[in-house]
Amino acid sequence: MLRLSLIAITVAVISGCASVNNYDTANSNPFDEPRAAPQQRQVLPKPTNPARFMHSAKVATMSPADAPDVVVTPVQSTAPLEVQSLTQLNGSELTASGEMLDEAARLGRIGDVQGKADVLLQAGNSGSGAALYELAKMYQDGTLPKDEEVMVGYLVQAQNLGHVEATRVLGHLYCLGQSVPLNLEYGKKLLESAARTSTRAAREYGMMLTNQRKPYLNDQLQGIEYLQKATDAGDQDAARSLAAALKEAGRSEDALVALAKAEEMEPAPAAPRAPQTLSARAHSGDVNSVFSYAQQLLLRKIPTPEPEFNAYCWFAVAKEMGHPDAAREMGAISGVRIISDKQNPGRLDRCIAELQQDLYSHR
Numbered sequence: 007m008l009r010l011s012l013i014a015i016t017v018a019v020i021s022g023c024a025s026v027n028n029y030d031t032a033n034s035n036p037f038d039e040p041r042a043a044p045q046q047r048q049v050l051p052k053p054t055n056p057a058r059f060m061h062s063a064k065v066a067t068m069s070p071a072d073a074p075d076v077v078v079t080p081v082q083s084t085a086p087l088e089v090q091s092l093t094q095l096n097g098s099e100l101t102a103s104g105e106m107l108d109e110a111a112r113l114g115r116i117g118d119v120q121g122k123a124d125v126l127l128q129a130g131n132s133g134s135g136a137a138l139y140e141l142a143k144m145y146q147d148g149t150l151p152k153d154e155e156v157m158v159g160y161l162v163q164a165q166n167l168g169h170v171e172a173t174r175v176l177g178h179l180y181c182l183g184q185s186v187p188l189n190l191e192y193g194k195k196l197l198e199s200a201a202r203t204s205t206r207a208a209r210e211y212g213m214m215l216t217n218q219r220k221p222y223l224n225d226q227l228q229g230i231e232y233l234q235k236a237t238d239a240g241d242q243d244a245a246r247s248l249a250a251a252l253k254e255a256g257r258s259e260d261a262l263v264a265l266a267k268a269e270e271m272e273p274a275p276a277a278p279r280a281p282q283t284l285s286a287r288a289h290s291g292d293v294n295s296v297f298s299y300a301q302q303l304l305l306r307k308i309p310t311p312e313p314e315f316n317a318y319c320w321f322a323v324a325k326e327m328g329h330p331d332a333a334r335e336m337g338a339i340s341g342v343r344i345i346s347d348k349q350n351p352g353r354l355d356r357c358i359a360e361l362q363q364d365l366y367s368h369r
């Protein structure tokens, strides 16, 4: 049984309660995930290998016949020139990419912005669109010194690798003329492409088409179709937007149904995900995985800027957790401590303490 009676819903619709949160801003952040305040901003050099990114009107997932006939101004970027296609990667490389993303997340949690950026860049050069998308966010949100050119360059590369949220964000930017030249038709094509597989993109594009979010695209019929698609996928915000759009279109009875459906929806609890990668198992506190992760770092099978240094930290934690072979491995690379204590006293101990704290918080 629906939670709200039809009378209550009717009152809500008439009084305007079917409206949704106010997205009416030309300066909205298309990434817009909640973020904690940065612990420390560091000035980093831009990535090397300058490259020119020509934004053709053709979207990677579109057929040439579907591409809009538009010309877009080239964007200069210092993002890397060559990124492999995911289809060129074998299973072990894809696993390594996942390990690198996990390691980047860990470095971010302990405030190592430089390390996180370096690892994401390596993962991106291995063909990870998700890593390039995360790098773009870092240049957009101030974690790294803001640089719109570099941000857009990484988004373009992530989109070319098939990352749907990068396509969605680029669509927003072109539709609003943020960080790139305004190109409404190209932006719409990008959003249409993203909406094929992204519920969020379908909802946001539907809101633009029904004039609930800038830019006002003023296509009520098509917008309702996109909002219906997102609603059918279980998006509660889309259902509320759909109710508002239907009410505006004079379809009051359909608006009642959509609003009632929205009230019936509840956010699905996130199902616990079993750790799949070695990094995830290590970060969950499994001592054997902690030891194995240290070995992989030392063997350079998991890329990291300072393999011996980081491996020593992980071996030290494995030793504290009681792994029988960790002390022997630490002895084999004991020169790491000697060099580190001479060049930067206390840095190695801080690394070990921060890693212990990070693992403890995830156990």
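Going by the working numbering, the sequence shown opens with residue 7, and the numbers climb by one from there.
Cβ atoms here follow ideal geometry from the backbone N, Cα and C, with glycine treated the same way.
**OP:** For residue 310, I'd like the list of residues in its chain whose CB is within less than 7 Å of its CB, leaving aside the five on either flank, ordered along the chain.
**Re:** 109, 125, 303, 316
Original post:
Is any beta-carbon of chain D found at less than 8 Å from that of residue 201?
Top reply: Of the protein chains in this structure there is only one, and it is not chain D.
Original post:
Which one or two residues does DSSP pair with residue 202 in a beta bridge?
Top reply: Partner(s): none; residue 202 has no beta bridge.
Subject >> Burial state of residue 340 (16 or more Cβ within 10 Å) >> reply: exposed
Subject >> Any 3 or more C-beta pairs closer than 8 Å across the stretch 195-206 and the stretch 171-182 >> reply: yes
Original post:
Based on Cα-Cα distance, which residue from 237, 143, 242, 359 lies nearest to residue 175?
Top reply: The candidate whose alpha carbon is nearest that of residue 175 is 143.
Original post:
Taking the alpha-carbon positions, what's the residue 358 to residue 306 distance?
Top reply: 19 Å
Subject >> Whole-angstrom C-beta distance between residue 223 and residue 233, which should lie under 8 Å >> reply: In this structure, residue 233 and residue 223 do not form a Cβ contact; the two beta carbons are roughly 13 Å apart against a cut-off of 8 Å.
**OP:** Give every residue of the same chain whose Cβ lies closer than 8 Å to the Cβ of residue 325, excluding the five residues on either side of it in the sequence, and list them in chain order.
**Re:** 332, 333, 336
**OP:** Please classify residue 343: does DSSP put it in a helix, a strand, or coil?
**Re:** The three-state secondary structure of residue 343, taken from DSSP, is helix.
Original post:
Is residue 43 helix, strand or coil by DSSP?
Top reply: Any answer about residue 43 is weak, because its pLDDT of 35 lies below 50 and its placement is not dependable; what the coordinates show is given next. Three-state DSSP puts residue 43 in coil, outside helix and strand.
Original post:
Whose C-alpha, out of 259, 228, 206, 218, is nearest the C-alpha of residue 237?
Top reply: 206
Original post:
If you draw a straight line from the alpha carbon of residue 149 to that of residue 283, how long is it in whole angstroms?
Top reply: One C-alpha to the other measures close to 26 Å.
Original post:
How should residue 351 be labelled, buried or exposed, when 16 other C-beta atoms within 10 angstroms of its C-beta is the threshold for buried?
Top reply: So residue 351 counts as exposed.
Original post:
Using the C-alpha atoms, what's the distance from residue 255 back to residue 26?
Top reply: In this prediction, residue 26 has a pLDDT of 44, which is less than 50 and means its spatial position is unreliable; what the coordinates show is noted afterwards. About 16 Å.
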